[in-house]
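If you number the sequence shown the way the working numbering does, the last residue is 293 and the count never jumps.
We put the beta carbon where it would ideally sit given N, CA and C, even for glycine.
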Amino acid sequence: MSIVHFPEYRAYEQDRIRASDAMMALLAGSRLAENTLRLTEGSARLLPEIFPAVPHIQRMNLTTASARTLLSHAEQHLSAMAVPYALAIHEDFVQTCFGMLIKAKQVTRKEVADSNASSMHRLFQQKVGRQLPKESLEQFHLIRQMRNAVIHAGGKPKQGLITAANNLSPNALAQWTKVTGEHPATRVALGVPVTLSHGELILALAVTKRISQEMNFALRDSLSREVWADAALSDFETEHPQLNHVSQRKRKLTGFLRTYYQSLNLTEAEIAPAIQRAGW
């Protein structure tokens, strides 16, 4: 199945890739720094003395031993920031999808406003008449609840989170364990603060990518051909504002549609009315 590379999806993909690269760089960087500081083992000098050229080093007025101790726990802290970031990028994309459905009059603004992160996928499924991957949704909502516990409850897990961690379907559990290396119930238990690790970050990135792709497929098949033709033409005009002559536009449009909208197979008979509506 082919992706429709409409502008918002292209932007989402770029944001997701940039965020993923940045998160992995920070995680790897913390480990590199920890290992580098082993070279100074036994030194009583402070970091600003040893590395004066490093920006902001004065804020870490620590011995290298103390710095290494902090860096050894960096993964937990970075994941606690990175997982919410990954989920937020996805949630923003879902709102973009709703925006397209609102324009197509397949959902109302009130219905979207009344939804939240726990119900948004369900509303989307109802409006497009298509199911998203069940296992991916289970994993998304468990990660989301873990995020909520870390951000909003001081890490204290509620019973709903504990129940969810113990009730993943077999396929969702197998995928979770394969990626994270752990059963979620070992990370979520009464009286034990919830933490997020590199495993949950990788899973969050993978799960949100899969769900977003399926949402793209659903929009491709749910929105009318007229809506897609108009959207493709609007996208083209935004990307090529310098083309003033109709003949130039039409020549360039063929390649543009092939690059970004090939999965729709828009015909000349569908594009011609869109060109008229655009006033070319």
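Can you list, in chain order, the residues of its chain whose CB lies under 8 angstroms from that of residue i, leaving out five sequence neighbours each side?
i           : result
residue 150 : 134 and 224
residue 192 : 212, 215, 216 and 219
residue 204 : none
residue 104 : 130 and 133
residue 229 : 16, 17 and 22
residue 58  : 76 and 77
residue 291 : 243, 246, 247 and 250
residue 98  : 32 and 36
Hey, residue i and residue j are a contact pair by Cβ (cut 8 angstroms); roughly how many whole angstroms apart?
i           : j           : result
residue 96  : residue 31  : Incorrect: roughly 16 angstroms between the Cβ atoms, too far for contact.
residue 216 : residue 156 : 7 angstroms
residue 240 : residue 293 : Their Cβ separation, rounded to whole angstroms, is 18 angstroms, which puts residue 240 and residue 293 out of contact at 8 angstroms.
residue 100 : residue 221 : 7 angstroms
residue 43  : residue 88  : 7 angstroms
residue 233 : residue 277 : 7 angstroms
residue 152 : residue 188 : 7 angstroms
residue 270 : residue 256 : Not really, about 14 angstroms apart at Cβ, beyond 8 angstroms.
Measuring only the C-alpha atoms, how far is residue i from residue j?
i           : j           : result
residue 163 : residue 21  : 30 angstroms
residue 286 : residue 243 : 9 angstroms
residue 75  : residue 219 : 37 angstroms
residue 273 : residue 56  : 57 angstroms
residue 169 : residue 201 : 9 angstroms
residue 264 : residue 118 : 32 angstroms
residue 206 : residue 166 : 10 angstroms
residue 47  : residue 54  : 11 angstroms
residue 17  : residue 247 : 15 angstroms
residue 109 : residue 83  : 39 angstroms
residue 127 : residue 208 : 30 angstroms
residue 52  : residue 123 : 60 angstroms
residue 237 : residue 50  : 59 angstroms
residue 120 : residue 198 : 37 angstroms
residue 143 : residue 29  : 24 angstroms
residue 86  : residue 210 : 10 angstroms
residue 27  : residue 102 : 11 angstroms
residue 289 : residue 281 : 12 angstroms
residue 171 : residue 249 : 49 angstroms
residue 254 : residue 180 : 53 angstroms
residue 252 : residue 116 : 21 angstroms
residue 175 : residue 19  : 39 angstroms
With respect to 7 angstroms, is the separation between the Cβ of residue i and the closest non-hydrogen atom of the ligand ADP below this value?
i          : result
residue 22 : No copy of the ligand ADP appears in this structure; indeed no ligand is present at all.
Using a Cβ-Cβ cut-off of 6 angstroms (strictly less than) and excluding sequence neighbours within five positions of residue i, which residues of its own chain qualify?
i           : result
residue 66  : none
residue 106 : 25 and 225
residue 36  : 95
residue 136 : 128
residue 39  : 91
Counting only the same chain and skipping the five closest in sequence on each side, list residues whose C-beta sits under 7 angstroms from that of residue i.
i           : result
residue 64  : 70
residue 73  : 60 and 80
residue 190 : 196
residue 194 : 212
residue 284 : 242
residue 138 : 144 and 145
residue 112 : none
Could you check whether residue j and residue i sit closer than 8 angstroms to each other, using their CB atoms as the reference points?
i           : j           : result
residue 213 : residue 92  : yes
residue 185 : residue 148 : yes
residue 60  : residue 80  : yes
residue 141 : residue 235 : yes
residue 154 : residue 182 : no
residue 275 : residue 15  : yes
What does residue i pair with, by DSSP beta-bridge criteria?
i           : result
residue 126 : Residue 126 is not bridged to any residue.
residue 205 : 202
residue 59  : 76
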